[in-house]
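Taking our numbering, the leading residue of the sequence shown gets 4, the next gets one more, and so forth.
Positions of the beta carbon are idealized from the N, C-alpha and C atoms, including for glycine.
So the structure is just underneath, and the comments pick up after that.
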Amino acid sequence: MQNKLIIKKKLKTFNKTITVSGDKSISIRWVLLSSLANGVSKAKNLLMSEDVIAALNAIKKLGIKVKINNNLCTIYGKGFEGYNYKKKIKIDAQNSGTLGRLILGLLINTKYPIKLIGDKSLSKRDFRRVSSPLSEFGATFKLNKNKNLPLVINGTNNLKPIFYHEKLGSAQCKSAIIFGAMRTEGKTIIKANKSRNHTELLCKYLKLPIIIKNKKNYDEIVVNKVTKINPFNYKIPSDISSSSFFIVLAALSKNSKLIIKNVNINPSRTGVIKILKKMGVNIYFKNHKIYKGEKKADIYVKSAKKINSINCPTKLNSSAIDEFLLIFLIAARAKGISYFKDLSELDKKESPRLQIGSEILKKMGVKTVTTKNSIRIFGNPNLRINKKIIIKNFSKDHRIFMTSVIAALSFGGEWHIHDKDSINTSFPSFLKIIDKFR
Ligand code: S3P
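Printed below as a string of structure tokens:
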């Protein structure tokens, strides 16, 4: 099968209702927490992408039974001390920063050392951001080149609670520490910059001994040792990050309408909606529901008649962090210059997204001024592409691939987009849904 996608035509007008696959962040957290529960947990609509399958394989390595039957995943937890594994095991987090970082929190009291490995992209990413606070609990780490994978974690039974100030706005760091604190006698106190709060909502739903105080600019989280998690079932809602590809497609297409059903709209994830609305895109939610503490709704989007430029407030950065590549496409069509700043975290993802995003815009004929942590995009409401654009060598970053597809379908030109299989990381059905529009 050819691993390159060629797109030669823009999309025409459409009026569609779609459903996208399950939320990746919630899927991975459900897998990890169910692996510690006292008994059988079941999830419907678990995202079956490589990142989540890597999480299932990781808990299997730790001695936990998993069964998958159609759209139902069953995990047979054996309680908090139920991990049972051979000496010298290796856990492969593949491409998943979320799995790689969160699981370390659960392993700080392991009996034998465990090696954590990942693919080429994950092996370049910073793991000291979690190993450093986790070592304050008492676990020890040996990292490659001091901060990367492969690493070896050596747990201890002599854990001490910590005070941790999370300054990056990283939910992965915050969640790893919450997981570590759950295994530790005493009170761990976390002061965390705002970031997605799925871990906290799950802990609250499970009635774990965690107190959360939401302050204006940060959250204070106090975690006590957890001795038992009851098994729990979950119907995973659709992923807002996966939905965003189609939201932007609809916003950039002519006279089009789109409904996306049953999407998680946790406010710590909806930065993309807030930013797009500020830029003049017509989006609204209908049919609001709350499920186990998480908000969900159907999302309605219409083509944008006029797109305004934005000086994007940095307080929205964390809640839109996975969607900036798409937001840059909207800025490319805007009237005026858009400015996005304090985005150094964007270059620490599966690929350096700020740099690659700006290269793609340049290929599209859009002027940008990019620094280490900011980008100015000189929008053009009449932007049309008539040339050949090749997108390759992007560390197989799934979001670069999918954003390029949306750009091709929205702006025209002849696009040759390599590494099609990268979608399997987070959204294996992406191209099947795209086919419904073509
Ligand atoms: C995630 C947190 C974010 C996000 C990633 C998923 C999570 O990373 O970019 O795709 O599920 O906790 P950081 O926490 O590093 O910002």
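Reduced DSSP secondary structure (H/G/I, E/B, other) of residue i
i, result
"C315", "coil"
"N427", "helix"
"L412", "helix"
"A46", "strand"
"T273", "coil"
"V133", "helix"
"L119", "strand"
"N290", "strand"
"G103", "helix"
"D325", "helix"
"S37", "helix"
"Y167", "strand"
"T374", "coil"
"G25", "strand"
"D95", "strand"
"F83", "coil"
"K281", "helix"
"L205", "helix"
"I330", "helix"
Cross-strand partners of residue i (DSSP beta bridge)
i, result
"L261", "K19 and V304"
"N151", "N147"
"E223", "K194 and K216"
"I111", "Beta-bridge pairing links I111 to no other residue."
"K70", "T77"
"E478", "The requested residue 478 does not occur in the structure, where the chain is confined to residues 4 to 441."
"N60", "Answer by DSSP bridge pairing: none, since N60 is not bridged."
"Y342", "N314 and R379"
"L8", "I420"
Neighbour-count burial assignment, residue i, 16 or more Cβ in a 10 Å radius
i, result
"N112", "buried"
"I293", "exposed"
"Q358", "exposed"
"F433", "buried"
"L75", "exposed"
"Q97", "buried"
"Q5", "exposed"
"K395", "exposed"
"I214", "exposed"
"K32", "One point to set straight first is that residue 32 is Arg, not Lys, in the sequence displayed. Buried, because 16 or more other Cβ atoms sit within 10 Å of the Cβ of R32."
"E53", "buried"
"I9", "exposed"
Selection from the options that minimises the alpha carbon distance to residue i
i, options, result
"D222", "E188, I250, K68 and S271", "S271"
"S198", "L204, K177 and N18", "K177"
"N161", "F140, K148, L154 and N149", "F140"
"L107", "K7, K123 and R132", "R132"
"K352", "S99, W418, K218 and K47", "S99"
"N267", "I239, S256 and K114", "I239"
"D122", "S398, N149 and T22", "S398"
"I165", "S135, S256 and F144", "S135"
"A184", "P153, H168, F288 and K228", "K228"
"L171", "K390, R387, D350 and W418", "D350"
"I67", "A40, E53 and A46", "A40"
"K391", "P316, D400 and W418", "W418"
"E297", "K207, A195 and K19", "K207"
"G368", "F288, G382 and V284", "G382"
"I250", "Y237, I213, M282 and S306", "S306"
"S138", "Y167, R128, S124 and Y115", "Y167"
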